[in-house]
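A.B. asks: If you're matching positions, the sequence shown starts at 1 in full-length UniProt numbering and goes up one per residue.
Note that the Cβ used here is the ideal one computed from N, Cα and C, for glycine as well.
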Amino acid sequence: MSQQNYIPDDAPFTVEQRQWLNNLVSNFINDLTSGRGLDGQSAGPAVPVTILVGSQTGNSEALGKKLSKAMAKMNFNPELNDLGSYEMEKLPSEQNVLIITSTYGDGEPPDNAADFHEWILSDAAPSLEGVNFSVLALGDTEYPDFCKCGIEFDTRFEQLGATRIFPRVDCDVDFDEPYEEWKKGVLDALGASAAPAATASEDFSEDGYSKKNPFPAPILKNVNLNADGSPRETHHIEFSLEGSGLEYEVGDALGVYPQNDEAMVDEILSNMNFKPTEEVPLPGGGEGTLREALIYSYDIRNLNKTFIQNWQQRSGSPFLRSLVEGDDKAAFDDFCWGRELIDLITDHPADFEDAEEFVGSLKKLQPRLYSISSSPKAHPNEVHLTVGIVRYHSKHRDRAGVCSSFLSDRSEGVNPGVFLHSNNAFRLPENGDTPVIMVGPGTGIAPFRAFLEERKATEAKGGNWLFFGNPHEAEDFLYKEELDQMASDGVLTKLSTAFSRDQKEKIYVQNRMIEAGAELWKWLNEDKAAFYVCGDASRMAKDVDAALHTIAQEHGGLSEDEAAAFIKTLKKEKRYCRDVY
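Structure (structure tokens):
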């Protein structure tokens, strides 16, 4: 049945606005005639829902807030909880539990979900008979243990007797559509007979620049921080935010939309029977030429098991067939490492009916998140990044990171699309008298440059201790002049460096921590300092964590279990924060 038009065609609105207003009035009238209130809610009592969030970089937290806000406008009573502060003894008495959690590193739970994860998987976990639940898992298919934390929560809740009201949804890095699918399924399962009429703020407000509407940011400065002769490249890049309306806090990240190398795209097209000017669908809707789509919209670099399986179905390659039929994870990982789409096209060609089917096999080109290395108080209307440029040689080709090489090699004259990503889990102490200890080797120094600028601008009285490491002092001491000046100004209280290759024995930041263990323990235990780590999750962050446990035992006189309890307390008090990747 067609919708009745309540808004005249000559009213001063666009077609889309008239359609939305007609829908608004229609929902309003339906609510009145169906016995629901004017806000679309039923006359019955609100349904209690507990939303539990495990978040490392802020994505799960943002979705949790979004879901809670949406449910509050319906016949629900949502309670949003950070898993790190949730009172676990309440779980068996909950009626409806919705878990939104990410996974990071080698299949690990987010820091704020670690205790809950350990408890729920242990023998101490209670029966959850009578509890309804559903899980939204965030992950990245580039990592082997995709969505592992969410999968473990989902499996364990069922084992403990809880009732799954909607199947778990596993999200890749592009999580907006899967989230909406999961939300709809959950709301339907919980008896959301009708959502309230949409409000103007949800549908027609101009929220400004965002992930879906990135700001074209002019690049003000782009310099290599490494000295001549270093095999490494680390670029300091300054963007203008003038006129964007975008605001950020230190600890946040900047999302950057990259572009694929045009030469690589042209080589792909030269090896396929498609015209570069053919029109193809774009991931976000609409159409564009095949060449432009491959430059701006589709991922032509990353391979994974699922992609290889799909490609093999269109390829006559005996090797790919044996790889797929063998279903050996290690073999898949070995094949995918150092290879890209061009390698499949040239070495294992596949037949596609047309260009549309070809791009349909590709994933959307995703933005990259970088820790912000500036304080807005020190650099108004600017945002700075510290970007390690990835370059390597593999399978007879020179390769480079998609976004890092775009920023270093191909961004001149281009205003890259950027957006801000909030990370409330990585914030300076509210009390400026609190000392801070920062461990950030390599590009991990980025947020700590921002922290130090912020502490200077706010005249924070607490001490600032930075641990920084890289291979060689002469070539790789990032921001040396700035750090020396901060030390001279009294902003940087203590600087501990670890240049691993400047002596026979390799020395890393965790070694410097152990050497300064007595003083570090005093800062943590007596002075109540906050401890921060930024950088590599797979090795560095684990080694730093182990060093912290060792220091608590050696200089705090704690047993192994007591040291572990002390570290857990630091995390619960938000005095141990990690921005790791």
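1) Identify, in the order they occur along the chain, each residue of the same chain with its Cβ nearer than 6 Å to the Cβ of Glu278, setting aside the five sequence neighbours on each side.
2) To the nearest angstrom, how far is the alpha carbon of Thr493 from that of Arg449?
3) At a cut of 8 Å, does the region 210 to 223 reach the region 343 to 354 through at least three beta carbon pairs?
4) List in chain order: all unbroken alpha helix (DSSP H) runs of 4+ residues lying wholly within the region 349 to 436.
5) Could you tell me whether the Cβ atoms of Val439 and Val491 are closer together than 8 Å?
6) Assuming Phe76 and Val47 form a contact by the criterion Cβ under 8 Å, report the distance between their Cβ atoms to the nearest whole angstrom.
7) Less than 8 Å between the C-beta atoms of Asn310 and Cys336, yes or no?
8) For Gly161, count neighbouring C-beta atoms within 10 Å of its own C-beta (all shown protein chains included) and say buried if the count is 16 or more, exposed if not.
9) Among Gly316, Pro218, Leu128 and Ala113, which residue has its Cα nearest to the Cα of Gly150?
10) Quick one, are the C-beta atoms of Ile567 and Leu520 less than 8 Å apart?
11) Which stretch, first to last residue, makes up the alpha helix (DSSP H) that contains Ile316?
12) Put Met486 into one of helix, strand or coil per three-state DSSP.
13) Along the chain, where does the alpha helix (DSSP H) containing Glu262 start, and where does it finish?
14) Go to His472, then tell me how far its alpha helix (DSSP H) extends in each direction, as first and last residue.
15) Alpha carbon to alpha carbon, how far is Ala125 from Trp119? Give it in angstroms, no decimals.
16) Suppose you measure from the CA of Lys183 to the CA of Asp170; what does that come to, to the nearest Å?
17) DSSP on Ile507, reduced to helix/strand/coil?
18) By DSSP, does Asn464 sit in helix, in strand, or in coil?
19) Below 8 Å between beta carbons: does that hold for Asp299 and Lys377?
20) Please list the terminal residues of the continuous alpha helix (DSSP H) segment that includes Cys149.
21) Between which two residues does the alpha helix (DSSP H) containing Ala113 stretch?
22) With a CB to CB cut of under 7 Å and the five nearest residues on each side skipped, what residues in its chain are close to Met88?
23) What residue range does the alpha helix (DSSP H) around Gly517 cover?
24) Pair every Cβ in the region 496 to 505 with every Cβ in the region 528 to 535, then say whether three or more of these pairs are closer than 8 Å.
25) Kindly indicate the opening and closing residues of the beta strand (DSSP E) around Pro281.
26) CB-CB under 7 Å to Ala72, same chain, minus the five flanking residues each way: which ones, in chain order?
27) For a test of the three-state rule: what should DSSP assign to Ser240, helix, strand or coil?
28) Under DSSP, the beta strand (DSSP E) around Asp82 begins and ends at which residues?
29) Taking 8 Å as the threshold (C-beta atoms), are Ser240 and Glu382 in contact?
30) With a Cβ-Cβ cutoff of 8 Å, do Asp106 and Asp145 count as a contact?
31) For Phe531, which of helix, strand or coil comes out of DSSP?
32) Which residues in the same chain as Gln553 place their Cβ atom closer than 6 Å to its Cβ, once the five residues preceding and following it in sequence are excluded?
33) Taking its Cβ as the centre, do 16 or more other Cβ atoms sit within 10 Å of Val223, making it buried, or is it exposed?
34) Would you check if the distance between the CB atom of Gly417 and the CB atom of Phe215 is smaller than 8 Å?
35) If you drop the 5 nearest sequence neighbours on each side, which residues of the same chain put their C-beta closer than 6 Å to that of Phe332?
36) Taking 7 Å as the cut-off, is the C-beta of Leu220 nearer than that to any heavy atom in the ligand SAH?
C.D. replies: Reading from the atomic positions:
1) Mapped onto the sequence shown, residue 278 falls at position 278. Counting only Cβ-Cβ distances below 6 Å, and skipping sequence neighbours, we find Leu290 and Ala355.
2) Within the sequence shown, residue 493 is the residue found at index 493, counting from 1. Within the sequence shown, residue 449 is the residue found at index 449, counting from 1. Distance between the alpha carbons of Thr493 and Arg449 is about 14 Å.
3) no
4) 355 to 360 and 402 to 409
5) Taking the sequence shown and counting its residues from 1, one reaches residue 439 at position 439. Taking the sequence shown and counting its residues from 1, one reaches residue 491 at position 491. The answer is no: Cβ separation not under 8 Å.
6) Here residue 76 refers to the residue found at position 76 of the sequence shown. Here residue 47 refers to the residue found at position 47 of the sequence shown. Phe76 to Val47, Cβ: 5 Å. Contact.
7) Within the sequence shown, residue 310 is the residue found at index 310, counting from 1. Within the sequence shown, residue 336 is the residue found at index 336, counting from 1. No, the Cβ-Cβ distance between Asn310 and Cys336 is not below 8 Å.
8) Taking the sequence shown and counting its residues from 1, one reaches residue 161 at position 161. Its Cβ having fewer than 16 others within 10 Å, Gly161 is exposed.
9) Numbered from its first residue, the sequence shown carries residue 150 at position 150. Per the Cα distances, Ala113.
10) Working through the sequence shown from its first residue, we reach residue 567 at position 567. Working through the sequence shown from its first residue, we reach residue 520 at position 520. Going by C-beta atoms, Ile567 is not nearer than 8 Å to Leu520.
11) Start at 1 with the first residue of the sequence shown, and residue 316 comes out as number 316. First, the amino acid is wrong: residue 316 is Gly here, not Ile. Unbroken run through Gly316: none, as it is neither H nor E.
12) Here residue 486 refers to the residue found at position 486 when the sequence shown is read from its first residue. Of the three classes helix, strand and coil, the one that applies to Met486 here is helix, per DSSP.
13) Taking the first residue of the sequence shown as position 1, residue 262 is located at position 262. Start and end: Glu262 to Ser270.
14) Along the sequence shown, read from residue 1 onward, the residue named residue 472 stands at position 472. Counting along the chain, His472 falls outside any alpha helix (DSSP H), and DSSP gives it neither H nor E.
15) Residue 119 sits at position 119 when you count from the first residue of the sequence shown. Residue 125 sits at position 125 when you count from the first residue of the sequence shown. Answer to the nearest angstrom: the Cα atoms are 6 Å apart.
16) For the purposes of this step, residue 183 is taken as residue 183 along the sequence shown, with counting starting at 1. For the purposes of this step, residue 170 is taken as residue 170 along the sequence shown, with counting starting at 1. Going from the Cα of Lys183 to the Cα of Asp170 covers about 13 Å.
17) Taking the first residue of the sequence shown as position 1, residue 507 is located at position 507. Coil at Ile507, not helix or strand.
18) Taking the sequence shown and counting its residues from 1, the one referred to as residue 464 is at position 464. Strand at Asn464.
19) Position 299 of the sequence shown, counted from the start, is the residue given in the question as residue 299. Position 377 of the sequence shown, counted from the start, is the residue given in the question as residue 377. Contact flag unset, no.
20) Here residue 149 refers to the residue found at position 149 when the sequence shown is read from its first residue. Its alpha helix (DSSP H) spans residues Lys148 to Gln159.
21) Residue mapping note: residue 113 aligns to position 113 of the sequence shown, counting from 1. Note, Ala113: premise wrong, no alpha helix (DSSP H); not H, not E.
22) Counting from 1 along the sequence shown, the entry for residue 88 is found at position 88. Cβ neighbours of Met88 beyond the five flanking positions: Phe116 and Trp119.
23) Taking the first residue of the sequence shown as 1, we reach residue 517 at position 517. Per DSSP, Gly517 belongs to the alpha helix (DSSP H) from Gly517 to Asn525.
24) no
25) Here residue 281 corresponds to residue number 281 of the sequence shown, with the count starting at 1. Segment Glu279 to Pro281, the beta strand (DSSP E) holding Pro281.
26) Numbered from its first residue, the sequence shown carries residue 72 at position 72. Answer for Ala72: Pro78, listed in chain order.
27) Residue 240 sits at position 240 when you count from the first residue of the sequence shown. Correct three-state label for Ser240: strand.
28) Taking the first residue of the sequence shown as 1, we reach residue 82 at position 82. Segment Phe76 to Asp82, the beta strand (DSSP E) holding Asp82.
29) As a working mapping, residue 382 is identified with position 382 in the sequence shown. As a working mapping, residue 240 is identified with position 240 in the sequence shown. Contact: yes.
30) Taking the sequence shown and counting its residues from 1, one reaches residue 106 at position 106. Taking the sequence shown and counting its residues from 1, one reaches residue 145 at position 145. In contact: Asp106 and Asp145 (Cβ atoms closer than 8 Å).
31) In the sequence shown, residue 531 corresponds to position 531, counting from 1. Of the three classes helix, strand and coil, the one that applies to Phe531 here is strand, per DSSP.
32) Counting from 1 along the sequence shown, the entry for residue 553 is found at position 553. Answer for Gln553: Ala563, listed in chain order.
33) Position 223 of the sequence shown, counting from 1, holds the residue named residue 223. Classification of Val223: exposed, given that the 10 Å Cβ count is below 16.
34) Position 417 of the sequence shown, counted from the first residue, corresponds to residue 417. Position 215 of the sequence shown, counted from the first residue, corresponds to residue 215. A contact, by the Cβ cut-off of 8 Å.
35) Here the question's residue 332 lines up with position 332 in the sequence shown. The residues are Lys305.
36) Absence of the ligand SAH from the depicted structure is noted, as is the absence of any ligand whatsoever, leaving it without description.
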